[in-house]
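So the sequence shown is residues 1 to 370, counted in UniProt numbering.
Note that the Cβ used here is the ideal one computed from N, Cα and C, for glycine as well.
Contents: one structure, followed by commentary.
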Amino acid sequence: MIQKIADQASRYFVGALFIFSGLIKLNDPIGTEIKMEEYFEVFAEDFGSFFLWLKPYALEIGLFLIVLELALGVAVLLYYRMNLTTKVLLGLMIFFTFLTFYSAFFNKVTDCGCFGDAIKLTPWQSFSKDVILMVPVLHLFWYRKRYKPVLYSKEGHAVIGAVVVICFALGIYAIRHLPFIDFRAYKIGNNIPQQMQPPEQPIFEYTFKQKKDGALIKSAKYLSDTLIYKYESVEQLNADKTRPKITDYSVSDADGNDMTQETFQGAKLFFIIYDANKASTKNIEKIRQLIKDLDGKVDMMVLTATGAEQFEAFRHEHQLAVPYYFADATVLKTIVRANPGITLWVDGTVKGMWHDNDTPDAAEVMALLH
1 MIQKIADQAS RYFVGALFIF SGLIKLNDPI GTEIKMEEYF EVFAEDFGSF FLWLKPYALE
61 IGLFLIVLEL ALGVAVLLYY RMNLTTKVLL GLMIFFTFLT FYSAFFNKVT DCGCFGDAIK
121 LTPWQSFSKD VILMVPVLHL FWYRKRYKPV LYSKEGHAVI GAVVVICFAL GIYAIRHLPF
181 IDFRAYKIGN NIPQQMQPPE QPIFEYTFKQ KKDGALIKSA KYLSDTLIYK YESVEQLNAD
241 KTRPKITDYS VSDADGNDMT QETFQGAKLF FIIYDANKAS TKNIEKIRQL IKDLDGKVDM
301 MVLTATGAEQ FEAFRHEHQL AVPYYFADAT VLKTIVRANP GITLWVDGTV KGMWHDNDTP
361 DAAEVMALLH
């Protein structure tokens, strides 16, 4: 009886968690790409330049891992080919447990991206999650040969095959458009200046040691009588609520002048081209037409992380008659999951966002201003 309960608990816990994690990342494969690039850069510094060769394929590798995660989750629930499934599952868990421990111990990557932008975990929280998850995974692996599949072989093959095809289709759609559900700080409806402010002011709890008998006393106020109390330490009680959701948004012009506050004034239509060398140009005619139709009606700006000389050449080649400014590439990828992407802000509040494949017309943009 206990064995059966452990089998079912492990099966449903592992399957549900893998599916939940996979679906969140499938919603936003570009976010996974950014995280993969971050890991590759860290590994390149510590283990060699080989990992930099993988960086151009971060999106493809990330999407493959997302689909594999979802397929494994469904396979565990169906007890599908458990000998193979649990071996792959255990291999992934060993790798990612090492990865999260390495990130936490050496403070390399501050967020593993396990649950995308929906749930942020600290490095040690990520490692703890993997350690806990390893227990049911090991249970499934140890008893793998005794599990009987829920479906017959052909039906099982069909279900797993369908899961893989559907997940790849959804992932590609999210890449070619925008995430189905937006968990980012730059989502429509958010006010960016507010997102750059901490939700709460810090609250500190002081620890004092009493001089007479050495007893520890905790107080939210500093006890100033140094003849009685000896200061020991201070702990911030609400540290998780005093960090702004946006900490790295900054815009400058070609001379290095700060233009950040300018981007929050009035209606601004931004064209995000974080890398002109990789920017898609198949919808550039639609973008040019939009710029032409909105000329004099809306203040328009291009934000890029490309060098001034390179972007100047790109702008002239594609006749983009819009002033351009500079921001960090990762920030721009976070603002819009597209290159190019378009977003409309009014007094710093996000009113609209589009992938270049869904470039709006002027009437659609103007309707959002009213």
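### Message
Closest to Pro123 by C-alpha separation, out of Lys145, Trp142, Leu99, would be which residue?
### Response
Leu99
### Message
Closest to Gln194 by C-alpha separation, out of Lys25, Thr349, Glu38, would be which residue?
### Response
Thr349
### Query
Within the present structure, is the beta-carbon of Leu54 separated from the nearest heavy atom of the ligand SAM by less than 7 Å?
Within the structure as shown, the ligand SAM is missing, as the structure has no ligands at all.
### Query
So is Val135 buried or exposed if we call it buried at 16+ other beta carbons inside 10 Å?
exposed
### Query
In chain order, which alpha helix (DSSP H) runs of at least 4 residues are fully inside the segment 288-351?
308-317, 329-335
### Task
Can you grab the Cα-Cα spacing for the pair Tyr152 / Leu90, in whole Å?
24 Å
### Message
So, at 8 Å on beta carbons, what are the nonlocal neighbours of Thr97 in its own chain, with the 5 sequence-adjacent residues on each side left out?
### Response
Phe127, Asp130, Val131, Met134
### Task
Count the other C-beta atoms from every protein chain shown that fall within 10 angstroms of the C-beta of Leu344, then say buried if there are 16 or more, exposed otherwise.
buried
### Message
Taking 8 Å as the threshold (C-beta atoms), are Leu68 and Pro29 in contact?
### Response
no
#### Entry: Inter-residue spacing [alpha-carbon to alpha-carbon] between His139 and Ser10
7 Å
#### Entry: the segment 70-79 contacting the segment 13-30, beta-carbon criterion three pairs below 8 Å
yes
### Classification of Thr247 by the beta-carbon crowding that lies within 10 angstroms, buried from 16 upward
exposed
#### Entry: Where the alpha helix (DSSP H) through Lys148 begins and ends
Careful: Lys148 lies outside any alpha helix (DSSP H) and carries neither H nor E.
### Task
Can you check DSSP and say which residues form a bridge with Lys87?
For Lys87, which the question treats as bridged, DSSP gives no partner whatsoever.
### Task
Inspect the beta-carbon positions of Ser252 and Tyr324 and report whether they are closer than 8 Å.
no
### Task
Output the distance between the C-alpha atoms of residue 375 and Phe64, rounded to the nearest integer angstrom.
This structure does not reach residue 375, given that the chain is present from 1 up to 370, and the question cannot be answered.
### Query
Going by alpha carbons, who is nearest to Thr306 out of Asn357, Ala44, Asp328?
Asp328
### Query
Lys35 lies in the beta strand (DSSP E); which residues open and close that run?
From DSSP, Lys35 is part of no beta strand (DSSP E) but of the alpha helix (DSSP H) over 29-47.
### Task
Could you tell me which residues DSSP puts in a beta bridge with Ala267?
Val346
### Query
Can you name the start and end residues of the alpha helix (DSSP H) that Ala276 belongs to?
Taken as a continuous stretch (DSSP letters only), Ala276 belongs to no alpha helix (DSSP H), as it is neither H nor E.
### Message
If I follow the unbroken alpha helix (DSSP H) through Ser21, where does it start and stop?
### Response
2-26
### Query
In chain order, what residues of the same chain have a beta carbon less than 6 Å from the beta carbon of Phe183, not counting five sequence neighbours either side?
Asp117, Ala118
### Message
By the three-class DSSP mapping on this structure, what secondary structure does Asn357 have?
### Response
helix
### Query
If you drop the 5 nearest sequence neighbours on each side, which residues of the same chain put their C-beta closer than 6 Å to that of Leu52?
Ala44
### Message
I need the DSSP call for Asp255, collapsed to helix, strand or coil.
### Response
coil
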